[in-house]
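Chains as they are written, first to last, in my numbering: chain A, 2 to 423; chain B, 26 to 200. Glycine included, every Cβ here is placed at the ideal spot set by N, Cα and C. Below: the structure, in structure tokens.
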Ligand code: SF4
């Protein structure tokens, strides 16, 4: 039976059909790289191979990890990135405009039916657009950049079906934390996840991106959502090109892949994942009165426009509790501008938020802003591995922007519905 | 004599290549490999040693230094019931042998931490010194084996480019 994953892979491999376990070589429609794993790592390899990029129009470069560049070392990384982009004559370069996974679709680079790779583990985000997209390392990226192709062992498919409707203050992030809690971080086993069901169709594109993004937390290769009118409208608005056959990229629940997991959106409560794994998720209400001192709304999966707006809906007319620092790093310049235009930024600011640049910020723990050893952070990011966001002693809990905002107001971890009386 | 390092906990990429040292040269990064779970690892690991990991070895980020440090430290193979996909790809692309083994062999009593053994790439076996028993690992597709033998993806491509072979050759080998 043909799943969406196999249809996309077969298309890229130039085969009529592929079977699970087949090793095929796929043509790459688009390769995305960022300042950390990109030019500074691939440049020496391309030089060694004596080749330039195979197709400059199919390469997108985003500087987002070592931003702000406030040390000699990080400034040098940014400079190297700019120089390489110029040398390779790459027009698709977004210098400190936001986080790669958010910038890529908002600038119209993704569309249904594409086969893409990214030099970052959260590259499955592209699956939200009905594209097969996955993350690869820098060496493998050098292979793609010189050949325009990549080998792939056709993965199995997991169907994650969400029925019914989400309740108030329950989000895509809660859906993913609940899935991590149920099947664990290895539950995706480098397979292709297909998301389907009524609750998925109800989501905005940016919320769908959170689902696909966190396929990485499950260890899956890809996280696919079938394109629909919502996808088509987003792609068109972003200036992308919708293929004529976009409606053919469907996910059939009847395809019955080996694994079929069913979840009830109506029964889902806001989730919090305890340190040091997204799989430590449980209902937010169970965290009762856990104290924390840093609230972080950031990252590709937790600070897009919809996330900022969600936090603002809680923080409107409220202030964060004393003893809590709220830091917000809007995921992209575009999202920040939109949030500024419609008053979301103002609400966050009035509530006591401090703003960080449109970059990975504290999420990757690369910059000067990092958690200290005694910090306890409630964060809207995707992963809370030990020491990832700073000192090894720091502790990170994951939650949705609603839950982070409501807890920041309460000064303790809370189910946002308790704070909002929802 | 090469020994086995057995890890029963899930090993993620932050444990293999801690983010804090990611900007350091590889040699320094390697000294912090696995220190969060086994502080003595980097200092006492020997050339030819084999790692036996728990399922989903290498889960986490796409940083290929996670595989690179193991190769740098002289690990001859990483064996586990399953691997996180990106780590698996990175390892092969860097020429670090990674093999899966069946559940039965994973629970083999001889595969204890510190056991002496030898790893045979061509045969895809682990031979336990104490028992003289060769445990079969699951063989890799031929073209992936070739890539590892060439030293990883880059030397493999270099060889192909020099030979004037075009992109399709990878597929012919893989098919
Ligand atoms: S925001 Fe965090 S998860 Fe997203 S790309 Fe940056 S470091 Fe990775």
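Check                                                                                                                             : Outcome
Where residue 77/B sits in the DSSP three-state scheme                                                                            : strand
Interface positions of the segment 67-88 of chain B facing chain A (Cβ-Cβ less than 7 Å), listed along the chain                  : 80, 81, 84, 85, 86, 87
Chain B contacts from the segment 169-196 of chain A (Cβ-Cβ distance under 8 Å)                                                   : 186, 187, 190, 191
Selection from 117/B, 35/B, 135/B that minimises the alpha carbon distance to residue 29/B                                        : 135/B
C-beta neighbour in chain A for residue 157/B, strict 9 Å                                                                         : no
One or two residues paired with residue 261/A in a DSSP bridge                                                                    : 160/A
Cutoff 9 Å: residue 192/B Cβ touching any chain A Cβ                                                                              : The predicted position of residue 192/B is uncertain, since its pLDDT is 48 and thus under 50; a value taken from the coordinates is nonetheless stated next. Yes, contact with chain A.
Burial state of residue 57/A (16 or more Cβ within 10 Å)                                                                          : exposed
Chain A contacts from the segment 171-186 of chain B (Cβ-Cβ distance under 8 Å)                                                   : 177, 178, 179, 182, 183, 186
Identity of the residues DSSP links to residue 197/A by a beta bridge                                                             : 162/A
Residues, ordered as in the chain, of the segment 43-59 of chain A that lie near chain B by beta-carbon distance below 8 Å        : 46, 49, 50, 51, 52
Inter-residue Cα distance where the pair is residue 75/B and residue 155/B                                                        : 16 Å
Whether residue 387/A touches residue 61/B by CB criterion (9 Å)                                                                  : yes
Neighbouring residues, chain E, relative to residue 389/A (Cβ below 8 Å)                                                          : The chain labelled as chain E is not found among the protein chains of the depicted structure, namely A and B.
DSSP-derived helix/strand/coil call for residue 288/A                                                                             : helix
Which residues DSSP lists as bridging residue 117/A, in chain order                                                               : 31/A, 134/A
C-beta atoms of residue 101/A and residue 29/A nearer than 9 Å                                                                    : no
Heavy atom of the ligand SF4 within 8 Å of residue 361/A beta-carbon                                                              : yes
Through-space distance from residue 94/A to residue 61/A, alpha-carbon basis                                                      : 6 Å
Contact check, residue 87/B vs residue 205/A, beta carbons under 9 Å                                                              : no
Cut-off 7 Å between Cβ atoms - residues of its own chain near residue 275/A, not counting five sequence neighbours on either side : 281, 398
Sub-9 Å separation of residue 135/A and residue 119/A beta-carbons                                                                : yes
Outcome for residue 26/B when other beta-carbon atoms lying within 10 angstroms are tallied against a minimum of 16               : exposed
Within 9 Å, strictly: CB atoms of residue 193/A and residue 243/A                                                                 : no
For residue 156/A and residue 191/A, the rounded distance between their alpha carbons                                             : 7 Å
Every unbroken alpha helix (DSSP H) within the segment 358-419 of chain A, with a cutoff of 4 residues, ordered by chain          : 402-411
CB-CB length for residue 186/A against residue 218/A, believed under 8 Å                                                          : 6 Å
Among 91/A, 286/A, 367/A, nearest to residue 404/A - alpha-carbon criterion                                                       : 286/A
Residue 268/A classed as buried or exposed, judged by whether at least 16 other C-beta atoms fall within 10 angstroms             : exposed
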